[in-house]
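Taking my numbering, the leading residue of the sequence shown gets 6, the next gets one more, and so forth.
Report on the following structure.
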Amino acid sequence: MEFDLVIADGTIVDGRGRPAFQGHVAVKDGRIVEVAEAESNGLDQWYAETVVEAEGLVVAPGFIDLHSHADFILPLADHPELLACFLEQGVTTVVAGNCGFSPAPAAVGTPYRGILADVIMFISAGRRLPDRWDTLDSFLADLEKSGVVLNLAQLAGHGSMRATLFGPDYSYPGEAGLAPLERMIQESLDAGAFGLSFGLGYAPGMFVDGRELLRLADLVSRRDGLLTVHLKALSHISPAYGLSLGGEPHNLRALREMLDLAEKTGVRLQISHLIFVGRKTWPTCDRALEMIEAARERGVDVAFDSFPQTAGNTTIYVVYPDWFLKDIEKNFQRALARLRLKLEWMIGFWLVGFGLEDAQLMWAGGTEYSDCEGRFFPDIGQRLGCSTTAAYLKISQASQGRATCLFHKYSGDENNESVLRKVLTHPLNTFETDAIVHPEGLANPGAYGTFPRIIQRYVRELGLMSLELAVSKMTWRSAQRAGLKDRGAVAPGFWADLTLFDYKEIKDNTTIYDSRERPAGIKHVFMNGVQVVRDGLALPGLKAGRVLRK
């Protein structure tokens with residue numbers, strides 16, 4: 006039998022949970038056509054243009070990043086270089102359009118598109134993306150024409166659509182007013198979107214009336230799409246709900262609201278990056294997991310994803326309360342508004358067990374503060390001759406929210422990972438990077454080492470899960486959750502997305518200050534049957550990915 010590619014004598018971990026076995030994989034026309042155990046002697050009858058000797062290596066499905074923002078990078082001409090770090094850690098497919106933001110669709114004939122494009126530059130590597138994509142179909146068609154370095158499964162971002170339709174008007178538009186938004190979502194699903202995302206921790210999502218969310222979730226449910234949600238609150242006291250004390254912790258309230266939404270509509274709900282921000286929020290983890298488990302028992306189709314670091318990236322604006330954000334440019338100038346903000350921060354941060362001292366500047370948004378990138382804000386304040394708070398306000402205002410930060414004390418710290426481990430090992434959890442990619446400044450370590458870190462630390466070193474289970478969470482389970490077909494398994498008929506790694510050597514080499522180090526142990530990566538990584542290095546100039554349409 007003749008094939009295009011044969012991978013011989015590897016340890017096959019097929020993604021679907023079968024115990025690892027020694028065997029061979031044959032590929033033709035981009036798909037796996039044969040998987041044979043070593044004892045079958047099938048290799049003797051196989052002929053191929055390319056044979057990769059995989060003795061001593063694990064042969065796994067290509068890793069799937071279930072929560073990505075790579076859709077803002079893929080339209081850029083230099084995206085193969087910017088996204089090479091994902092290939093080099095074994096990722097072959099990304100599910101993008103998360104947290105309510107996607108490059109398309111966008112409303113036509115409104116004055117708000119340019120404003121949105123400026124705001125979301127923090128996700129698009131500091132570049133202003135073109136305004137030519139009115140529909141998701143036109144966006145995906147553009148990528149199909151230009152080529153992509155990763156397989157892309159796209160979600161439609163509610164925040165992007167709503168912002169371009171209504172701008173800063175956050176009021177409930179009524180059923181008739183929602184019709185254009187619903188039409189955009191329907192068109193996106195018709196074009197192959199895998200679902201819809203809510204970004205309820207950001208404007209405009211945090212201000213949206215629950216009736217709107219319910220109506221849109223019902224629409225997605227009727228189309229069997231996935232609804233991914235960045236919750237309105239990730240800490241037990243949150244500016245999204247104001248500094249109200251007593252009662253249900255805000256992060257649990259936010260979770261309950263979405264579980265209720267899913268129960269009422271029947272939508273498939275994916276809780277994005279289930280994290281617990283601040284030391285005093287960590288104790289709510291057990292209750293959150295109990296709530297999710299109880300919802301599953303009631304028939305709610307809910308699951309969640311997480312990253313294996315105790316820090317995560319987002320816009321510098323994320324810690325501002327809703328009242329400040331609604332008129333932020335003027336509030337920066339108002340002495341009383343700044344005073345109120347500082348008092349709320351002082352009280353709120355103390356209650357959460359988290360503060361601006363836990364924020365590390367990644368990218369300064371193209372401002373004069375670029376020499377502060379990679380530093381924590383107390384250090385930045387010293388360099389600027391001002392307080393930590395004043396430094397944070399300076400860079401926020403100068404960058405107009407484009408600056409990004411790496412926030413620490415997410416579900417643990419360097420001395421306490423107990424909460425993070427509960428989340429990572431939970432049966433309903435799958436893995437993601439949530440990494441914003443930028444050529445300058447500090448990188449999110451997750452862009453370089455998420456998947457190697459899971460295998461190195463939580464499988465090999467700590468033994469918290471088997472290799473077969475970890476790989477399944479990275480591949481098959483993620484594919485099933487997203488609704489991907491023919492991806493996520495080493496099996497005949499599946500696309501040949503394959504990651505080959507040395508189990509003994511695989512390692513995340515990033516640190517807090519040196520976050521762009523390539524991982525060790527990822528040897529070869531194939532995408533749709535094409536080799537895209539050889540000996541740990543991405544091969545330049547290749548666009549072997551595909552735009553996947555549901």
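All residues carry an ideal CB built from backbone N, CA and C; glycine is no exception.
This structure is a prediction, so every number in the text was calculated from the model and none was measured.
Beta carbon of glycine 498 nearer than 9 Å to that of valine 32
Position 493 of the sequence shown, counted from the first residue, corresponds to residue 498. Position 27 of the sequence shown, counted from the first residue, corresponds to residue 32. Against a cut-off of 9 Å, the Cβ pair of valine 32 and glycine 498 comes out as no contact.
Can you check the segment 406-480 for any alpha helix (DSSP H) of at least 4 residues that lies completely inside it and give the ranges in chain order?
423-430, 451-458 and 472-479
Helix, strand or coil at valine 51 [DSSP, three-state]:
If you number the sequence shown from 1, residue 51 lands on position 46. A small fix is needed here, since residue 51 is tryptophan in this sequence, not valine. DSSP places tryptophan 51 in coil when its eight states are reduced to three.
Can you list the beta strand (DSSP E) stretches of 3 or more residues lying completely in the segment 163-194, in chain order?
none
Can you tell me which of the three DSSP states threonine 319 falls into?
Along the sequence shown, one-based indexing puts residue 319 at 314. Strand, per DSSP.
Mind checking whether alanine 300 and glutamate 268 have CB atoms under 9 Å apart?
Reading the sequence shown from its first residue, position 295 is the one you call residue 300. Reading the sequence shown from its first residue, position 263 is the one you call residue 268. In this structure, glutamate 268 lies closer than 9 Å to alanine 300 by Cβ.
Which residue marks the beginning of the alpha helix (DSSP H) containing aspartate 66, and which one marks its end?
The sequence position of residue 66 within the sequence shown is 61, counting from 1. Strictly speaking, residue 66 in this sequence is proline, with aspartate absent from that position. No alpha helix (DSSP H) contains proline 66, which is instead part of the beta strand (DSSP E) from 63-66.
Ranges of the alpha helix (DSSP H) found wholly within the segment 346-382, counting only runs of at least 4
none
Measuring alpha carbon to alpha carbon, tell me which residue in Arg21, Arg132 and Gly105 is nearest proline 444.
In the sequence shown, residue 444 corresponds to position 439, counting from 1. Checking every option, the nearest Cα to that of proline 444 belongs to Arg132.
For methionine 532, list the residues DSSP reports as bridge partners.
In the sequence shown, counting from the first residue as 1, residue 532 sits at position 527. Val535.
Among Pro545, Thr115 and Tyr415, which has the Cα closest to the Cα of glutamine 314?
The residue given as residue 314 occupies position 309 in the sequence shown. Selected option, being the one with the closest Cα: Tyr415.
Using the C-alpha atoms, what's the distance from leucine 231 back to glycine 162?
Taking the sequence shown and counting its residues from 1, one reaches residue 162 at position 157. Taking the sequence shown and counting its residues from 1, one reaches residue 231 at position 226. Glycine 162 and leucine 231: Cα-Cα distance of roughly 12 Å.
Please return the same chain residues whose Cβ sits closer than 8 Å to the Cβ of glycine 47, not counting the five positions on each side in sequence.
One-based indexing of the sequence shown puts residue 47 at position 42. The residues are His29, Glu39 and Ala41.
Which residue's Cα is closest to the Cα of alanine 75: Asp49, Phe456 and Gly102?
If you number the sequence shown from 1, residue 75 lands on position 70. Ranking the options by Cα distance to alanine 75, first place goes to Gly102.
Mapping DSSP to helix, strand and coil, what is isoleucine 517?
Translated into the one-based positions of the sequence shown, residue 517 becomes position 512. Residue state, collapsed to three classes: coil.
If glycine 206 sits next to threonine 504, beta carbons under 8 Å apart, how far is it from one beta carbon to the other, in whole angstroms?
What you label residue 206 is simply residue 201 of the sequence shown in a count that begins at 1. What you label residue 504 is simply residue 499 of the sequence shown in a count that begins at 1. In fact, because the Cβ distance is near 32 Å, the residues do not count as touching under 8 Å.
Backbone secondary structure at lysine 490 - three-state DSSP:
The count along the sequence shown starts at 1 and reaches residue 490 at position 485. Looking at lysine 490 - three-state DSSP - the assignment turns out to be coil, as it is neither helix nor strand.
Proximal residues to leucine 170 (C-beta, below 7 Å), its chain only, five neighbours per side dropped
Along the sequence shown, read from residue 1 onward, the residue named residue 170 stands at position 165. Ala112, Thr115, Pro185 and Leu186, listed in sequence order.
To which residues of the same chain is leucine 160 closer than 8 Å at the C-beta, ignoring the five residues directly before and after it?
Start at 1 with the first residue of the sequence shown, and residue 160 comes out as number 155. Hits under 8 Å: Val100, Ala101, Gly102, Asn103, Ser107, Ala198, Phe199, Gly200, Leu201, Ser202, Leu231 and Thr233.
Does the segment 326-340 touch the segment 284-301, meaning 3 or more C-beta pairs lie closer than 8 Å?
no
If you run the structure through DSSP and keep just helix, strand and coil, what is isoleucine 120?
Residue mapping note: residue 120 aligns to position 115 of the sequence shown, counting from 1. Three-state result, isoleucine 120: helix.
What are the boundary residues of the beta strand (DSSP E) that isoleucine 125 is part of?
For the purposes of this step, residue 125 is identified with residue 120 of the sequence shown, where counting begins at 1. No beta strand (DSSP E) contains isoleucine 125, which DSSP labels as neither H nor E.
Per DSSP, what are the beta-bridge partners of valine 32 in this structure?
On the sequence shown, residue 32 is found 27 positions in, with the first residue counted as 1. In DSSP, valine 32 forms a bridge with Leu10 and Ile37.
What beta strand (DSSP E) runs, 3 residues minimum, are completely inside the segment 258-294?
273-276
Which class does aspartate 147 belong to by DSSP, given the choice of helix, strand or coil?
Here residue 147 is taken as the residue at index 142 of the sequence shown, counted from 1. Correct three-state label for aspartate 147: helix.
Using the rule of at least 16 other Cβ atoms within 10 Å of the residue's Cβ for burial, across every protein chain shown, is lysine 555 buried or exposed?
Translated into the one-based positions of the sequence shown, residue 555 becomes position 550. Lysine 555 should be labelled buried.
Just checking histidine 255 against the ligand MG - is the residue's beta carbon closer than 8 Å to any of the ligand's heavy atoms?
Looking for the ligand MG in the displayed structure turns up nothing, as the structure carries no ligands at all.
Compare the C-alpha of glutamate 302 against each of Pro450, Val476, Leu433 and Phe26 and name the closest.
Against the sequence shown, residue 302 aligns to sequence position 297. The shortest Cα separation from glutamate 302 among Pro450, Val476, Leu433 and Phe26 belongs to Leu433.
Classify alanine 238 as helix, strand or coil using the three-state DSSP reduction.
To locate residue 238, count along the sequence shown from 1; it is residue 233. Here alanine 238 sits in coil by DSSP.
According to the neighbour-count rule (16 or more other Cβ atoms, all chains shown, within 10 Å of its Cβ), is methionine 566 buried or exposed?
The requested residue 566 is not part of the displayed model; the chain covers only 6 to 555.
To the nearest angstrom, report how far apart tyrosine 518 and serine 404 are at their CA atoms.
For this step, residue 518 is matched to residue 513 along the sequence shown. For this step, residue 404 is matched to residue 399 along the sequence shown. Cα to Cα, tyrosine 518 sits roughly 22 Å from serine 404.
Could you give the residue range of the beta strand (DSSP E) that holds glutamine 159?
Counting from one through the sequence shown, the residue named residue 159 turns up at place 154. That run of the beta strand (DSSP E) goes 156-159.
According to DSSP, what are the bridge partners of lysine 512?
On the sequence shown, position 507 is the one that residue 512 refers to. According to DSSP, which records beta bridges pairwise, lysine 512 is partnered with Ala525.
Between which two residues does the alpha helix (DSSP H) holding aspartate 507 run?
The count along the sequence shown starts at 1 and reaches residue 507 at position 502. Element bounds for aspartate 507: n/a, residue is neither H nor E.
Any 3 or more C-beta pairs closer than 8 Å across the segment 416-433 and the segment 461-477
yes
How big is the Cα-Cα spacing for aspartate 14 and leucine 79?
The count along the sequence shown starts at 1 and reaches residue 14 at position 9. The count along the sequence shown starts at 1 and reaches residue 79 at position 74. C-alpha separation (whole angstroms): 35 Å.
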